[in-house]
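Residue numbers (the numbering used here): 2 to 295. C-beta: ideal position from N, C-alpha, C; glycine also. From a predicted model like this one, the values you see are computed outputs, not experimental measurements. Have a look at the structure below before the remarks.
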Amino acid sequence: MISVRRHNAGFCRSHFIEHIHRQVARTISDHHMFDAGERLVLGVSGGKDSLALWEILTQLGYRVDGVYLHLGIGEYSSDGLRLSRRFASERDLSLRVIDLGTEHGFSIPEAARLTSRVACSACGLSKRYLLNEAAAEMGYDVLVVGHNLDDEAAVLLGNVLRWEVDYLARQRPVLPTADGGLVRKVKPLLRVAERETAAYAVLRGIQYEIEECPMAAGNTINRYKEWLNRLEEQSPGLKAQFLFGFLDRGAAYFPPDPPELLACGECGRPTPGETCSFCRLKKVTVLRIARRSA
Ligand code: Q46
Ligand code: ZN
């Protein structure tokens, strides 16, 4: 029996799987995420969320390709790649691999060390850039990401604590396509909690990366997740109320204000400034790598 306290419900294996499928199908339809016939690509990490989502979408009848970003984080990255490849080949799904080191000349640990940036900040901006670039270059209509209820609630808490109004305006289940090469980005796991994606993956026999990323220390989102979990312990459902209350009633106070996007002077991708943050990170990191080996 799998209990989902916020729904005040317990499920057997098959009903739990059906419940998760229903939650995702409802999210896709409520937010008009995509239509049958659109080309979908999913950012895959080898972790429980992205592999569970790949399985769920496939079970719901969607054809979804995957893209794996090799970020150069030692065994964590190589294990994630191995598990993603195994998942794809067992189901005859297509997986494209983008290697940050081969294609851009640096890794996330190098970027963090050489620019004194928090690893997750360098990593987050690189992932956003590379996933969008891959989706745009390969002609996909939609970029699907595996952010779950806990991820979105923790990001919301961080944005509220600092009143990041620009980020609150962009915290939506669907980020629309924008001129210049921004592909529509959607989050179908919005109604599924982290422990539920893990339970789903186990029940479906999906092997996923269990080890935590070794660079996660200091990740503020993980701290917010812990705080929210403590609140949830005492008030089941509070996390979902916080997130869905914002989306239903709060988000209207933070209307999206699409930024004027220019073409990055280095890569040509859309950016609000002259040079995009990925190109700036890459330039400094690659220069410092070259200096150290000179
Ligand atoms: S991979 Fe990257 Fe995460 Fe590792 S460096 Fe941080 S953001 S923790 S999901
Ligand atoms: Zn650029």
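| message | Can you find the residues in the same chain that come closer than 8 angstroms, C-beta to C-beta, to E153, ignoring five residues on each side of it along the sequence? | response | As a working note, residue 153 is residue 152 in the sequence shown. Correct list, in chain order: Q172, K188, L191 and L244.
| F88 (DSSP reduced to helix, strand or coil) | Counted from its first residue, the sequence shown places residue 88 at position 87. Helix.
| request: Look at V161 and F255 and say whether their C-beta atoms are less than 7 angstroms apart. | output: Stepping through the sequence shown from its first residue, residue 161 is reached at position 160. Stepping through the sequence shown from its first residue, residue 255 is reached at position 254. Their beta carbons are not under 7 angstroms apart, which means V161 does not touch F255 by this criterion.
| message | Does the beta-carbon of R129, which I'm using as the reference point, lie nearer than 6 angstroms to any heavy atom of the ligand ZN? | response | Mapped onto the sequence shown, residue 129 falls at position 128. Not so, every heavy atom of the ligand ZN lies at least 6 angstroms from the Cβ.
| 7 angstroms Cβ cutoff met for R270 and Y141 | The residue given as residue 270 occupies position 269 in the sequence shown. The residue given as residue 141 occupies position 140 in the sequence shown. For R270 and Y141, no; Cβs fall outside 7 angstroms.
| query | Which of the three DSSP states, helix, strand or coil, is assigned to I3? | reply | The residue labelled residue 3 in the question sits at position 2 within the sequence shown. Look at I3 here: in three-state DSSP terms it is strand.
| task | Kindly indicate which residue of S236, H71 and G67 has the alpha-carbon position closest to the one of F88. | result | Taking the sequence shown and counting its residues from 1, one reaches residue 88 at position 87. In terms of CA proximity to F88, G67 leads the group S236, H71 and G67.
| By the 10 Å Cβ neighbour count, where 16 or more other Cβ atoms means buried, how is P177 classified, buried or exposed? | Position 176 of the sequence shown holds residue 177. Within 10 angstroms of the beta-carbon of P177 lie fewer than 16 other beta-carbons, which makes it exposed.
| query | Counting Cβ pairs, one atom from each stretch, are 3 or more of them under 8 angstroms apart for the segment 44-64 and the segment 11-26? | reply | The segment 44-64 is in contact with the segment 11-26.
| 6 angstroms Cβ shell around A137 - same chain, five flanking residues per side excluded | Reading the sequence shown from its first residue, position 136 is the one you call residue 137. Taking A137 as the centre and dropping the five residues before and after it, the same chain places the C-beta of G182 and V184 closer than 6 angstroms to its C-beta, in chain order.
| message | Taking the beta carbon of P259 as the centre, do at least 16 other beta carbons fall within 10 Å, making it buried, or is it exposed? | response | For this step, residue 259 is matched to residue 258 along the sequence shown. Classification for P259: exposed.
| Residue range of the beta strand (DSSP E) that K186 falls in? | If you number the sequence shown from 1, residue 186 lands on position 185. It spans R185 to V187 - the beta strand (DSSP E) in which K186 sits, taken as one unbroken run.
| From which residue to which residue does the beta strand (DSSP E) around A10 run? | Taking the sequence shown and counting its residues from 1, one reaches residue 10 at position 9. Unbroken beta strand (DSSP E) run through A10: A10 to F12.
| Does the beta carbon of R270 fall short of 6 angstroms from some heavy atom of the ligand ZN? | Within the sequence shown, residue 270 is the residue found at index 269, counting from 1. Yes, Cβ of R270 sits closer than 6 angstroms to a heavy atom of the ligand ZN.
| CA-to-CA distance, V143 to P110, given in whole angstroms | Along the sequence shown, one-based indexing puts residue 110 at 109. Along the sequence shown, one-based indexing puts residue 143 at 142. Cα atoms of P110 and V143: separation of roughly 29 angstroms, rounded to the nearest angstrom.
| task | Compare the beta carbon distance of L248 and K240 with 7 angstroms and say whether it is the shorter of the two. | result | Residue 248 sits at position 247 when you count from the first residue of the sequence shown. Residue 240 sits at position 239 when you count from the first residue of the sequence shown. No, these two residues do not count as a Cβ contact at 7 angstroms.
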